[in-house]
Amino acid sequence: QIARYRYRAIAERACVLYFSMLDLVLLNPMYEYSLIYFRDIFRQCMREAPSAKTVSARIERIITSMTWQLFRTISRGLFEKHKIIFSFLIAARIQRAAHLISREGYHLMLFGLHDVDEELEEFQRLQEPGSGSTSPKTAAAARRMLHKALSEGSRVKARRDR
1 QIARYRYRAI AERACVLYFS MLDLVLLNPM YEYSLIYFRD IFRQCMREAP
51 SAKTVSARIE RIITSMTWQL FRTISRGLFE KHKIIFSFLI AARIQRAAHL
101 ISREGYHLML FGLHDVDEEL EEFQRLQEPG SGSTSPKTAA AARRMLHKAL
151 SEGSRVKARR DR
């Protein structure tokens, strides 16, 4: 059990990479990759990752090797304009998995602020007495979530503008 748990980080990174690869089909239907293709890349990385003196160092090397190998392999088949999107998707998902980006911030980066005005109007409508669609407690929670996403979005933008 302990040995299996130590290698969990590899499985978590593999999951992030696999779903990043799968989402490419949303950009173009020809970017459809199979689980078998991913498995083959994964196995190759496990075999070819540099050895290390400790298990934790070996795990880090496998994770790094797997991330770069998958990125290089998949990028070869992408249009130039989609390579940057793929690299962003991988980086954002890795940071999300490491809890460096909140769920709200992640969605804000992916989808932007395009519907914020409509959402604010909807939240204000829900707040009115007698609207009947939701409880005031639910509306307040939704407003807090939106506020958190907006404030995190401005922090991300401020960091990006530096």
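Its first residue numbered 1, the sequence shown is counted upward by one per residue in the UniProt record's numbering. Glycine included, each C-beta is placed from N, C-alpha and C at the ideal position. Bear in mind that the values here come from a model prediction, so they are computed numbers and not experimental data.
Q. When DSSP labels each residue in this structure, what does residue 1 get in the three-state scheme?
A. The residue you call residue 1 lines up with position 1 of the sequence shown. Residue state, collapsed to three classes: coil.
Q: Can you tell me which of 4, 32, 3 puts its alpha carbon nearest to the alpha carbon of residue 75?
A: By one-based count along the sequence shown, residue 75 stands at place 75. Nearest option by C-alpha distance: 32.
Q) Using the C-alpha atoms, what's the distance from residue 3 back to residue 70? A) Numbered from 1 along the sequence shown, position 70 holds the residue referred to as residue 70. Numbered from 1 along the sequence shown, position 3 holds the residue referred to as residue 3. The straight-line gap from Cα to Cα measures roughly 25 angstroms.
**Q.** Classification of residue 72 by the beta-carbon crowding that lies within 10 angstroms, buried from 16 upward
**A.** Within the sequence shown, the letter at position 72 stands for residue 72. Taking all protein chains shown into account, residue 72 has fewer than 16 neighbouring C-beta atoms within 10 Å of its C-beta and is therefore exposed.
Q) By a C-beta neighbour count over all protein chains shown, 10 Å radius and 16 as the cutoff for buried, is residue 42 buried or exposed? A) The count along the sequence shown starts at 1 and reaches residue 42 at position 42. Answer is buried; the Cβ neighbour count reaches 16.
(Q) Do residue 63 and residue 13 have their beta-carbon atoms positioned less than 8 angstroms apart in this structure? (A) If you number the sequence shown from 1, residue 13 lands on position 13. If you number the sequence shown from 1, residue 63 lands on position 63. Cβ distance < 8 angstroms, so residue 13 and residue 63 count as in contact.
Q. With a Cβ-Cβ cutoff of 8 angstroms, do residue 66 and residue 45 count as a contact?
A. For the purposes of this step, residue 66 is identified with residue 66 of the sequence shown, where counting begins at 1. For the purposes of this step, residue 45 is identified with residue 45 of the sequence shown, where counting begins at 1. Yes, these two residues count as a Cβ contact at 8 angstroms.
Q | Local Cβ density within 10 Å of residue 105, reported as buried at 16 or more and exposed below that | A | For the purposes of this step, residue 105 is identified with residue 105 of the sequence shown, where counting begins at 1. Buried.
(Q) As a quick exercise: from 93, 27, 16, 56, pick the residue whose alpha carbon is nearest that of residue 77. (A) Along the sequence shown, read from residue 1 onward, the residue named residue 77 stands at position 77. Nearest to residue 77 by alpha-carbon distance, out of 93, 27, 16, 56, is 27.
**Q.** Selected residue, minimal CA-CA separation from residue 97, among 16, 8, 1, 5
**A.** Reading the sequence shown from its first residue, position 97 is the one you call residue 97. Here the closest residue by C-alpha is 16.
Q. Pick from 107, 59, 80, 83: whose alpha carbon is nearest that of residue 5?
A. Stepping through the sequence shown from its first residue, residue 5 is reached at position 5. Nearest option by C-alpha distance: 59.
**Q.** Continuous alpha helix (DSSP H) stretch holding residue 96: start and end
**A.** For the purposes of this step, residue 96 is identified with residue 96 of the sequence shown, where counting begins at 1. For residue 96, the enclosing alpha helix (DSSP H) begins and ends at 80–97.
Q: Return helix, strand or coil for residue 162, following the three-state DSSP convention.
A: Locating residue 162 in the sequence shown gives position 162, counting from the first residue. Because residue 162 sits at a pLDDT of 49, beneath the cut-off of 50, its placement in the model cannot be relied upon, and the following sentence gives the value as read from the coordinates. It is coil, neither helix nor strand.
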